Amino acid sequence: MAHTESPEPITDTLRSAIAAALVGFELDGAPAASEQVHLERPANVDHGDLSTNVALALAKRNGRNPRELALELAEALRSAGIAHVETVEVAGPGFVNFHLAPSWLHTVLRTVVLAGGDYGRSNVGAGRRVLVEFVSANPTGPVHAGHARGAAYGDALARLLEFSGHAVGREFYINDRGVQMQTFAASLTARAEGREPPEGGYHGAYITDWAASMPRDEDPLEWGYAHALGEQRRVLGALNVEFDHWFSEREMVDTGAIDVTLADLRARGVVDERDGAVWLRSTEFGDDKDRVLVKSDGEYTYLLPDIAYHRDKFARGWELLVDVWGADHHGYVPRMKAAVEALGHDPGDLEVVITQLVRLERDGVEVKISKRSGDLVTLEELIEEVGPDAVRLTYLLQSVDSPQTVDLDLVVSQSNENPVFYVQMANARLNSINRVAAERGLERVALDAADLSLLDHDRELAVLRSLEVLPETVELAARERAPHKITTWVRELAGAVHGFYHDCPILSPDTPEDLRNARWWLAEAARTGLRVGLDILGVSAPESM
RNA sequence: GCCCCCGUAGCUCAGCUGGACAGAGCGUGGGACUUCUAAUCCCGUGGUCGCAGGUUCGAAUCCUGCCGGGGGCGCCA
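Quick note on this note's numbering: the first sequence kicks off at -19 and runs consecutively.
Structure representation (structure tokens):
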């Protein structure tokens, strides 16, 4: 059994076999390609390892009894003699269930080990150039616990898309123009002079701290800007988030990009002048009202530079723009999409992911995140207390569609309520096997020399089942822009690993050598799976804890 | 008033293009370490999937309407 090429996934084999079998039935609406055959993994083990509902789906429109059709299909599949398939049964209203021999999972093990860190990598993105813009916090203060959700999400999404064959860029848009900069500077100045910040200014304690370290001869706006930006870059870096490009709004003024954009819109005939202002007729592109681009006092609104920025992104060759915005900006989506379309692009080439708000609690009491009031939980504080891995994983536990409640006491407590330790522990245990083996002078035989057929323990198979599902999980997570699905998968794999570790000793003298080798390779495959999953999330896993 | 997100176990949340008795962690009750890390594992506890209709052979999942929570609807950013 010395073959080093990766075998075809069983799901592909089965889909092809089903599609082929269906050809003989001459059914209306039958899947034209094997990819269209619906396969699922029954929750109930009695229903087999894989199952298809094609008989149910096709019965009605063909005037057939679903169970009969299923029975005939099952018979055809039985006589086809598919590798690893032990039994083909019909159950319920017309499901065709496949019970597979453990050998199918042994091929999974081989596939994982051979692929290593590339297990689950795909080219579904076909090299599409995708620019992910995220965080983009104003340069008027530190990155706080609310921004961190977008930071963890955006970076994980970028990694996920890269792993799925996209050419990805990460960008941070700096709103370094506008009234908030003036307000920020005025607040710094006030604190530096021992006064209260002005009405509507920034009252956070950090303003006082920053003002204290601001040299007298510095321009507060420029110094504050540089300081805020430096802090943001530093803290995001500590979270393992690095941007390819920090894009300055100011630079667009300097380069004339904003005026060029306005001229472009004018040339496209989508701009009006009314009441002394310049308007984008965004209602023609699905917005619910037209939007002002240049105010009657001659100043740009925030919208125009944003449009210029998106125009620039496309001009730089990005094919798909993914913007990650907080829920408080969701009302802005239609006008941005309208603007993109007004510029002659497909509005579908701008995707805006809205991350719902993070609610922070301490002792069950909400902690407000407000830069202006000053009750601020900074990202830096969180990282200092638990480290970047726990912070990232915490934010990546759930869908960004859901409002998230983060209990700071739990995150900070390093208790086993924090899943990061559960996952890292699984990794540490696997690594300890290698470490202890090395101490004892034990060596593992080559993969092709290992008898993987010895792996038939439920715990062993559970690990392999989990690994088997990674490639499709990655594909789904990428398609849905949902990195939290990787988190869920990693937690499941870690659970399987702990069970395996507990019940299937590898280095014990009671474990026969053949079994030891097979399990050892299983541990290796599991280690690989954890590494791949955690890499996508940007979470590291120490070899020991 | 209009728009977006959410409403699943005591708590925090998963649940793929609708599938076969609804899952995890925490909490709670009880067990398991002379053996590769017990930050682990096992057993038990716990749910009218907000409510009401509809589509379907089949709905937590899709559609409609309510109810509840959050966030938006500026010549602010």
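C-beta: ideal position from N, C-alpha, C; glycine also.
Note that the structure is a prediction, hence the values are computed from the model and not measured.
Same chain, Cβ closer than 7 angstroms to P46, neighbours up to 5 away in sequence not counted:
On the first sequence, residue 46 is found 66 positions in, with the first residue counted as 1. Only A35, L36, A39, P73 and G74 meet the Cβ criterion.
For H127, the nearest candidate out of S83, K317, L359 and R175 (CA to CA):
The sequence position of residue 127 within the first sequence is 147, counting from 1. Considering only alpha carbons, the answer is L359.
Under 7 angstroms between the Cβ atoms of W259 and D267?
Start at 1 with the first residue of the first sequence, and residue 259 comes out as number 279. Start at 1 with the first residue of the first sequence, and residue 267 comes out as number 287. Not in contact: W259 and D267 (Cβ atoms no closer than 7 angstroms).
On the three-state DSSP scale, how would you describe S228?
The residue given as residue 228 occupies position 248 in the first sequence. Strand.
Just to confirm, are R196 and A147 a CB contact at a threshold of 7 angstroms?
To locate residue 196, count along the first sequence from 1; it is residue 216. To locate residue 147, count along the first sequence from 1; it is residue 167. Their beta carbons are not under 7 angstroms apart, which means R196 does not touch A147 by this criterion.
As an exercise, report each continuous beta strand (DSSP E) stretch of at least 3 residues that is fully enclosed by the region 258 to 301, in chain order.
271 to 274
Go ahead and pull the three-state DSSP assignment for E(-12).
Against the first sequence, residue -12 aligns to sequence position 8. Three-state DSSP puts E(-12) in coil, outside helix and strand.
I'd like to know whether the C-beta atoms of A320 and H290 end up nearer to each other than 7 angstroms.
Residue mapping note: residue 320 aligns to position 340 of the first sequence, counting from 1. Residue mapping note: residue 290 aligns to position 310 of the first sequence, counting from 1. Note that residue 320 is Val in the sequence shown here, rather than Ala. Yes; because the gap between Cβ atoms is below 7 angstroms, this pair is in contact.
Counting Cβ pairs closer than 8 angstroms, one from the region 464 to 474 and one from the region 430 to 447, do we hit at least three?
yes
Cβ neighbours of V93 in the same chain (closer than 8 angstroms, five flanking residues each side left out)
Translated into positions along the first sequence, residue 93 becomes position 113. Excluding sequence neighbours, V93 sits near L427, W501, E504, A505 and T508.
Ordered along the chain, which non-local residues of its own chain (more than five positions away) have a Cβ less than 6 angstroms from that of G134?
Taking the first sequence and counting its residues from 1, one reaches residue 134 at position 154. Only V112, F114 and V304 meet the Cβ criterion.
Evaluate the contact criterion for the region 116 to 125 versus the region 150 to 157: three or more CB pairs, one atom per stretch, below 8 angstroms.
yes
For P285, does the count of other Cβ atoms within 10 angstroms reach 16, so buried, or fall short, so exposed?
Taking the first sequence and counting its residues from 1, one reaches residue 285 at position 305. By the 10 Å Cβ count, P285 comes out buried.
What whole-angstrom Cβ distance do L340 and A131 have, given they're in contact under 8 angstroms?
For the purposes of this step, residue 340 is taken as residue 360 along the first sequence, with counting starting at 1. For the purposes of this step, residue 131 is taken as residue 151 along the first sequence, with counting starting at 1. Not really, about 15 angstroms apart at Cβ, beyond 8 angstroms.
For the alpha helix (DSSP H) holding I363, just list the boundary residues, first then last.
As a working note, residue 363 is residue 383 in the first sequence. Run containing I363: L359 to V366, per the alpha helix (DSSP H) assignment.
Given S31, which residues of its chain have a CB within under 6 angstroms of its CB, disregarding the five upstream and five downstream residues?
Residue numbering aside, residue 31 sits at position 51 when the first sequence is read from its first letter. E20, P22, F75 and N77, listed in sequence order.
How would you label I516, buried or exposed, when you count the other beta carbons within 10 angstroms and need 16 or more for buried?
Position 536 of the first sequence, counting from 1, holds the residue named residue 516. It counts as buried.
For A322 versus V250, is the C-beta spacing smaller than 7 angstroms?
Here residue 322 refers to the residue found at position 342 of the first sequence. Here residue 250 refers to the residue found at position 270 of the first sequence. Against a cut-off of 7 angstroms, the Cβ pair of V250 and A322 comes out as a contact.
Could you tell me which residues DSSP pairs with W305 in its beta bridges?
Here the question's residue 305 lines up with position 325 in the first sequence. DSSP output for W305 lists I334 as bridge partner(s).
By how many angstroms is the C-alpha of D431 removed from the C-alpha of M(-19)?
In the first sequence, residue -19 corresponds to position 1, counting from 1. In the first sequence, residue 431 corresponds to position 451, counting from 1. The predicted position of M(-19) is uncertain, since its pLDDT is 43 and thus under 50; a value taken from the coordinates is nonetheless stated next. Spanning the two alpha carbons is a distance of roughly 9 angstroms.
Which residues in the same chain as V347 place their Cβ atom closer than 8 angstroms to its Cβ, once the five residues preceding and following it in sequence are excluded?
Stepping through the first sequence from its first residue, residue 347 is reached at position 367. Excluding positions up to five away in sequence, the list reads L340, E341, D355, V357 and L388.
For H482, count neighbouring Cβ atoms within 10 angstroms of its own Cβ and tell me buried if that reaches 16, exposed if not.
Within the first sequence, the letter at position 502 stands for residue 482. So H482 counts as exposed.
Compute the Euclidean distance between the alpha carbons of N414 and D490, then round it to the nearest angstrom.
Working through the first sequence from its first residue, we reach residue 414 at position 434. Working through the first sequence from its first residue, we reach residue 490 at position 510. For N414 and D490, the distance between alpha carbons rounds to 18 angstroms.
Helix, strand or coil at N414 according to DSSP, with G and I counted as helix:
Residue mapping note: residue 414 aligns to position 434 of the first sequence, counting from 1. Residue state, collapsed to three classes: helix.
Residues of its chain near V464, where Cβ-Cβ distance is below 7 angstroms and the 5 sequence neighbours each way are ignored
For the purposes of this step, residue 464 is identified with residue 484 of the first sequence, where counting begins at 1. The sequence given here has His at residue 464, not Val. These residues qualify, in order along the chain: L376, L377, Q378 and S379.
Where V65 and H79 are concerned, what is the direct C-alpha to C-alpha distance, given to the nearest angstrom?
The residue given as residue 65 occupies position 85 in the first sequence. The residue given as residue 79 occupies position 99 in the first sequence. Straight-line Cα distance between these residues: approximately 6 angstroms.
Determine the direct distance from the alpha carbon of L514 to that of T169, and round the result to whole angstroms.
Locating residue 169 in the first sequence gives position 189, where the first residue counts as 1. Locating residue 514 in the first sequence gives position 534, where the first residue counts as 1. Roughly 44 angstroms between the two C-alpha positions.
How is Y153 classed by DSSP in three states: helix, strand or coil?
Along the first sequence, read from residue 1 onward, the residue named residue 153 stands at position 173. Strand at Y153.
CB-CB under 8 angstroms to E15, same chain, minus the five flanking residues each way: which ones, in chain order?
The residue labelled residue 15 in the question sits at position 35 within the first sequence. For E15, where only same-chain residues beyond five positions count, the Cβ hits under 8 angstroms are R(-5).
Taking 6 angstroms as the limit between beta carbons, can you name the residues of its chain near Q212, skipping five residues before and five after?
To locate residue 212, count along the first sequence from 1; it is residue 232. Around Q212: V123.
Own chain, CB closer than 7 angstroms to A237, minus 5 neighbours either side, in chain order:
Here the question's residue 237 lines up with position 257 in the first sequence. Around A237: A288 and D292.
Three-state secondary structure (DSSP) at D381?
Looking up residue 381 in the first sequence gives position 401. In this structure, D381 counts as coil in the three-state DSSP scheme.
Please classify D369 as buried or exposed, where buried requires at least 16 neighbouring CB atoms within 10 angstroms.
Translated into positions along the first sequence, residue 369 becomes position 389. Result: buried.
When we look at the beta-carbon of R296 and count the other beta-carbons within 10 Å, is it buried (16 or more) or exposed?
For the purposes of this step, residue 296 is taken as residue 316 along the first sequence, with counting starting at 1. Exposed, since its Cβ has fewer than 16 Cβ neighbours within 10 Å.
When the distance is taken between beta carbons, is R424 closer than 7 angstroms to N497?
The residue you call residue 497 lines up with position 517 of the first sequence. The residue you call residue 424 lines up with position 444 of the first sequence. Yes, these two residues count as a Cβ contact at 7 angstroms.
If you follow the alpha helix (DSSP H) that D515 is part of, which residue opens it and which one closes it?
On the first sequence, position 535 is the one that residue 515 refers to. It spans E493 to L517 - the alpha helix (DSSP H) in which D515 sits, taken as one unbroken run.
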